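Enquirer: Mind having a look at this structure? Questions to follow.
In our numbering, the protein residues as written are 202 to 351.
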């Protein structure tokens with residue numbers, strides 16, 4: 202039987218992952234709005250959005266790392282801690298790819314005559330899809346292993 206505290210920690214982890222997904226959605230929407238302000242971009246507004254998104258991701262990441270620590274040390278679950286370590290690495294990669302995609306989209310908008318821009322966007326989107334698949338697999342492993350003791 203799993204302790205209430207353990208279950209609450211696992212639920213908090215899932216909630217934080219949902220917050221991360223929502224933060225990405227807001228980031229993507231904000232970038233689309235930013236692109237619509239071109240060619241004279243409203244960079245100040247976008248910079249503020251990036252600042253807020255960065256703060257949100259940092260807060261989520263710090264709390265996830267605390268959950269990782271507690272799972273490892275308080276609940277003796279290094280397996281779950283390892284899943285979170287992998288997840289954090291893939292989330293960092295996803296954020297880097299997202300930023301790369303945003304730059305590529307702006308470049309394509311600013312330079313429609315450059316043929317390779319659309320190809321670059323498609324390649325980055327493909328990398329993001331592979332990243333999301335890896336994240337999903339890690340989450341499945343986490344779910345399976347975290348419920349293993351039930």
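We treat Cβ as the ideally placed atom computed from N, Cα and C, and that holds for glycine.
This one's a predicted model, so the numbers in the text were calculated from it and none came from an experiment.
Hey, residue 268 and residue 214 are a contact pair by Cβ (cut 8 Å); roughly how many whole angstroms apart?
Expert: About 5 Å separates the two Cβ atoms, so the contact holds.
Enquirer: Whole angstroms is fine: what's the gap from residue 231's alpha carbon to residue 343's?
Expert: Taking the straight line joining both Cα atoms gives about 31 Å.
Enquirer: Taking only three categories from DSSP, how would you classify residue 282?
Expert: If DSSP states are grouped into helix, strand and coil, residue 282 belongs with the helices.
Enquirer: Rounded to whole angstroms, how far is the Cβ of residue 335 from the Cβ of residue 301, which I believe are closer than 8 Å?
Expert: About 17 Å separates the two Cβ atoms, so there is no contact after all.
Enquirer: How far does the alpha helix (DSSP H) with residue 204 in it extend, from its first residue to its last?
Expert: Element bounds for residue 204: n/a, residue is neither H nor E.
Enquirer: Straight-line CA distance for residue 340 to residue 319?
Expert: Distance between the alpha carbons of residue 340 and residue 319: 31 Å.
Enquirer: So is residue 305 buried or exposed if we call it buried at 16+ other beta carbons inside 10 Å?
Expert: Under this definition residue 305 is a buried residue.
Enquirer: So residue 298 and residue 325 are supposed to be a Cβ contact under 8 Å. How far apart are they, rounded?
Expert: That belief holds up - the Cβ atoms of residue 298 and residue 325 are roughly 6 Å apart, short of 8 Å.
Enquirer: Under the three-state reduction of DSSP, which class applies to residue 241: helix, strand or coil?
Expert: Looking at residue 241 - three-state DSSP - the assignment turns out to be coil, as it is neither helix nor strand.
Enquirer: Here's a check: name, in chain order, each residue in its chain whose Cβ is nearer than 8 Å to the Cβ of residue 282, leaving out the five neighbours to either side.
Expert: Cβ within range, chain order: 269, 270, 272 and 273.
Enquirer: Give me the Cα-Cα distance between residue 227 and residue 327, rounded to the nearest whole angstrom.
Expert: Distance between the alpha carbons of residue 227 and residue 327 is about 21 Å.
Enquirer: Is it buried or exposed for residue 265, if we count other Cβ within 10 angstroms and need 16 for buried?
Expert: By the neighbour-count rule (16 or more Cβ atoms within 10 Å), residue 265 is buried.
Enquirer: Work out the CA separation of residue 259 and residue 221 for me, nearest whole Å.
Expert: Cα-Cα distance, rounded: 10 Å.
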